[in-house]
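Undergrad: When we follow our numbering, the leftmost residue of the sequence shown carries the number 2, and every step to the right adds one. Where is the CB? At the ideal position from N, CA and C, for every residue including glycine. Small disclaimer: the values here were computed from a predicted structure and weren't measured.
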Amino acid sequence: MSENRTLILDAGQIDKKITRIAHHIYENHYKRKELHVVGLADRGIEVASRIAAILEDISEIKILSYTLTLNKKDPLKEPVFSGDLKDLKGKVVILVDDVVNSGRTLIYASRYILDNNPEVLATAALVDRIHRKFPIRTDYVGLSLSTNLKEHVAVELGKKKDAAYLE
2 MSENRTLILD AGQIDKKITR IAHHIYENHY KRKELHVVGL ADRGIEVASR
52 IAAILEDISE IKILSYTLTL NKKDPLKEPV FSGDLKDLKG KVVILVDDVV
102 NSGRTLIYAS RYILDNNPEV LATAALVDRI HRKFPIRTDY VGLSLSTNLK
152 EHVAVELGKK KDAAYLE
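1) For the alpha helix (DSSP H) holding H24, just list the boundary residues, first then last.
2) Buried or exposed, going by whether 16 or more other CB atoms sit within 10 Å of the CB of G45?
3) Report yes or no: do the segment 75 to 85 and the segment 102 to 117 share at least 3 C-beta pairs separated by less than 8 Å?
4) Between the segment 155 to 165 and the segment 7 to 25, are three or more C-beta pairs nearer than 8 Å?
5) Examine the Cβ distances between the segment 92 to 103 and the segment 119 to 130 and report whether three or more of them are shorter than 8 Å.
6) L89 and P136: beta carbons closer than 8 Å?
7) Leaving out five residues before and five after Y27 in sequence, what residues of the same chain have Cβ atoms less than 8 Å from its Cβ?
8) Which partner residues of Y141 appear in the DSSP bridge assignment?
9) Residues bridged to Y67 by DSSP?
10) Taking 8 Å as the threshold (C-beta atoms), are A42 and T68 in contact?
11) Taking D85 as part of the beta strand (DSSP E), name the residues at either end of that continuous run.
12) Are the C-beta of I62 and some C-beta of chain B separated by less than 8 Å?
13) Would DSSP call T7 helix, strand or coil?
14) So, under 8 Å CB-CB, V121 and V93 are touching, yes? Tell me the CB distance rounded to an integer number of Å.
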């Protein structure tokens, strides 16, 4: 881990960003009866869990939560999904990660979910680095950050305290 770390989000800011993402999702889908929230392993699961909890608190919408684990070295290998993919057919799916870097993980996860024909697939991330190697966008973003290609964003959730760093 780099010694040159710059704090970009503290625990309070992370909480506010996640709350805003949840409210934005609700604003766009308030008429829905249910939403399917999918957290990408590893830290995207925690962000998705927090978003789902807020959505449950602020709405009457039924929130169904899942996890999706991709093999990042070989993303074409069958991912591990915590639910039944057939449940996503014709539904609104929110795919959540902690940080979007090149867009690679998000696009492969999206491809997997799209094979199951959801009505809507939207993406959410706590931090979006904006640098893309793949043509995908983030619909709900806590913080958009323009960095150089050598910099790394590290998000730490649920340990001692929440924080996001630029390394």
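TA: The relevant details are as follows:
1) Reading the sequence shown from its first residue, position 23 is the one you call residue 24. A12 to H30 is the extent of the alpha helix (DSSP H) around H24.
2) In the sequence shown, residue 45 corresponds to position 44, counting from 1. Under this definition G45 is a buried residue.
3) yes
4) yes
5) yes
6) The sequence position of residue 89 within the sequence shown is 88, counting from 1. The sequence position of residue 136 within the sequence shown is 135, counting from 1. Not in contact: L89 and P136 (Cβ atoms no closer than 8 Å).
7) Looking up residue 27 in the sequence shown gives position 26. If we look at Y27 and ignore the five residues flanking it on each side, its Cβ neighbours are L56, I59, S60 and I62.
8) For this step, residue 141 is matched to residue 140 along the sequence shown. Y141 is bridged to A125.
9) In the sequence shown, residue 67 corresponds to position 66, counting from 1. DSSP lists V39 as partners of Y67.
10) To locate residue 68, count along the sequence shown from 1; it is residue 67. To locate residue 42, count along the sequence shown from 1; it is residue 41. The answer is yes: Cβ separation under 8 Å.
11) One-based indexing of the sequence shown puts residue 85 at position 84. Segment: none, D85 is in no beta strand (DSSP E) and carries neither H nor E.
12) Any reference to chain B falls outside this structure, which holds one protein chain only.
13) Numbered from 1 along the sequence shown, position 6 holds the residue referred to as residue 7. Reduced to three states, the DSSP call for T7 is strand.
14) Your numbering for residue 121 matches position 120 in the sequence shown. Your numbering for residue 93 matches position 92 in the sequence shown. V121 to V93, Cβ: 4 Å. Contact.
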